[in-house]
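Written out below as structure tokens is the structure these notes cover.
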Amino acid sequence: MSAAYRQASSASPQLRQRDPANRLLARGPRFRLSAQVIRDQALAIAGLLVEKTGGPSVRPYQPEGLWTEIASDTDYNQSHGDGLYRRSLYTYWKRTVSPPTMANFDASSRETCIVRLPRTNTPLQALTLLNDVTYVEAARALAQRVIREAGDSPQARIALAFELATSRRPTPAEQKVLLAGYGHQLERFRASPADAKRLIEAGESKVDASLDAAELAAQTVIASVIVNLDEVVTRE
């Protein structure tokens with residue numbers, strides 16, 4: 022990759038004043054990642070991404086009954102095992118029923134050829150990252166990962182999750198907010214074990230039964246917040 026492409030999108034006020042349109046390529050572009058990259062990145066951060074190359078298409082999670090509702094003669098036979106975690110490149114694509122999470126992030130419908138994908142930022146995208154089973158499961162897998170690797174300290178777990186997602190350590194202010202959120206969620210899940218169980222059982226990947234369910238659920242919520250950060254889904 023060229024030096025121009027690798028530049029960050031940030032720039033000093035003086036540079037922006039001198040070259041507001043970036044005609045001199047003094048800074049890189051800033052844009053939201055594509056639908057496929059956002060999904061693959063979440064799986065990679067969580068340690069779930071299957072990097073196998075080649076092979077048939079796969080059918081990851083999708084809302085139940087969607088194909089039947091729109092194309093009544095067809096059932097969606099969801100993949101299992103590694104098929105749920107392969108790169109989005111291998112996702113089976115039905116032109117009349119695009120994968121909904123991809124469509125929410127402006128993926129092409131494949132009905133017509135287009136020169137360039139649009140880029141939007143909508144509340145539906147945040148709802149997808151917070152509630153879709155792919156991202157909830159990825160958040161839980163990330164939570165398991167940081168609990169194992171960072172030990173008993175909530176501060177260390179949060180710092181590791183943040184660094185895995187953003188490639189930097191959280192600021193003291195960010196750490197404080199996330200730690201307070203963790204404490205609140207832990208209290209909530211201690212009081213409601215059924216809610217904790219329901220959250221951590223999202224998806225088909227194995228839940229580590231040796232971990233405290235309330236702690237894992239609370240860490241999952243914090244991991245979900247981190248994965249949903251603008252900084253994580255944006256190329257800067």
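Be aware that the sequence shown starts at 22, since it is given in this note's numbering, and climbs by one per residue. C-beta atoms are modelled at their ideal positions from N, C-alpha and C, and glycine is treated no differently. These numbers were taken from a predicted model, which means no experiment stands behind them.
If one requires a minimum length of 4 residues, the alpha helix (DSSP H) runs lying completely within the stretch 188 to 238 are 193 to 212, 214 to 221, in chain order. If you draw a straight line from the Cα of Arg108 to the Cα of Pro41, it comes to about 37 Å. Around the CB of Ile91, fewer than 16 other CB atoms lie within 10 Å, so the residue is classed as exposed. Put simply, of Asp229, Asn142, Ala223 the residue whose alpha carbon is nearest the alpha carbon of Val167 is Asp229. Counting along the chain, Leu87 sits inside the alpha helix (DSSP H) bounded by residues 87 to 91.
Unbroken alpha helix (DSSP H) runs of no fewer than 4 residues, entirely contained in the stretch 25 to 49, are found at 34 to 39, following chain order.
Under the 10 Å beta carbon count, Val254 is surrounded by 16 or more other beta carbons and is classified as buried. When rounded, the separation of the alpha-carbon atoms in Val154 and Ala223 is 6 Å. Taken atom to atom, the span from the alpha-carbon of Pro175 to that of Asp251 is near 23 Å.
Restricted to the stretch 93 to 160, the alpha helix (DSSP H) segments that are unbroken, complete and at least 4 residues in length are 121 to 125, 144 to 152, listed in chain order. For Tyr97, the closest alpha carbon among the candidates Leu45, His205, Trp114, Pro139 is that of Trp114. Per DSSP, Leu64 is one residue of the alpha helix (DSSP H) stretching across 56 to 67. Per the coordinates, the alpha-carbon of Ala47 lies some 28 Å from the alpha-carbon of Phe183. Arg37 has its alpha-carbon roughly 16 Å from the corresponding atom of Ala25. Gln57 and Gln83 do not touch by the CB rule: their CB atoms are close to 15 Å apart, not below 8 Å.
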